[in-house]
Amino acid sequence: MNRTIYLSDLTHTTITISNDSFPLNVGMVGAYCKQFYPDLNMKLFKYPEKLISKINQNMPDLLGLSNYPWNHNLNISIARHVKSINKNVVIVFGGPYISYDNNQQEIFMTRYEGLVDFYCMFEGETSFKSLLDNAHQASFDISQMKKAQLEGCLFLSEDGSLAPFTPITRSRSVDDYPSPYTAGLFDEFFDGKLSPMLETHRGCPYACTFCHEGHEFYRKVSKFDNQRIKNDLDYIGERVGSKVANLMIADPNFGQFKSDIEFAEHINEVYDRYNYPSTIFASSAKNNQDNLLNISKILKNTAMPLWMSVQSMTE
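Under full-length UniProt numbering, the first residue of the sequence shown carries the number 1, and numbering increases by one thereafter.
Spelled out as structure tokens, the structure:
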């Protein structure tokens, strides 16, 4: 039996598109899981109206919602709508809008008991794949799924307490996770409204207390193969069209490595071919001014603002 799964990174669309990036998060998760479950009926969503319409036409076995401060209430509303129709649908949240503190996690899961069945922590590809394996073994029965040890997932035990957390191990190579672009998962999002997003490396060496990636889990920095990200940018350039000017880079420290200079040179080549991108949104490196200056000179046709992060001291 082929199961149906919807993965979403929703944005408010009432007045404007409040978060206009491609759904890179769920795209990466989906592309990874498709390797192991090629017959999975999986669809990605960015716009809530499209997700609601699809839910009303064909209820999924599992719904994944990427959770951030700007779309949390939207996610809860969608979860409530789904559960009001079919309480047996497995609803999985993921993303940074949850505390690392166990007590706060239990408060969150208790508050949304019956709406949020599981919360995938840290690297979503690995934790969601673990949950998906378990879901297939348990025939997508929520109570049966909770009887197993789920790596990297939060959930409530039968007695209503937070189940003991089973840590996950970070992948040795981020290239284990295939590109959602060249896999064709993002083709429908080239709609002239959304800005493509790329990730060239993952992890951050710093431990800023205000940042989600300040956790020790993310301390090791892993780089994607340079040819892979060049191929992704070529794929984007061929399809993006003239209405979108921006490229979003999801790295916490773009410009930290010499390979970033090489990628900047490729951005220039893509601009010469497709007149894209005109602007880049990226969190720039905190401790490599020389690289950033070189990149700013290379990107002569593309504007990239440089950002500063300030953390107060206790003394």
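Ideal Cβ placement from N, Cα and C applies to all residues, glycine included.
Just so it is clear, the structure is predicted and the values come from calculations on it, not from any experiment.
Its Cα nearest to that of I5, the residue D39 stands out among D39, T13 and E158.
Following the DSSP letters along the chain, one finds G64 inside the beta strand (DSSP E) bounded by residues L62 to S66. The residue from L74, K54 and N56 with its alpha-carbon nearest to that of T14 is L74. Within the model, the alpha-carbon separation for L44 versus E188 is close to 9 Å. F217 is the residue among P180, R202 and F217 whose C-alpha sits nearest the C-alpha of P167. Taking 3 residues as the shortest admissible run, the region 150 to 222 contains no complete beta strand (DSSP E) segment at all.
Taking C-beta atoms as the reference points, G152 and F108 fail to come closer than 8 Å. Rounded to the nearest angstrom, the gap between the Cα atoms of N2 and I52 is 21 Å. In the DSSP assignment, Y235 falls within the alpha helix (DSSP H) that extends over N226 to R239. For F254, the secondary structure class from DSSP, reduced to helix, strand or coil, is strand. In this chain, the alpha helix (DSSP H) harbouring L131 covers G124 to Q137. Restricting attention to V221, S99, F118 and N88, the CA atom closest to the CA of S139 is found in N88. DSSP places S21 within a strand segment (E or B) once states are collapsed to three. Checking the DSSP bridge columns, you'll see K43 partnered with Y6.
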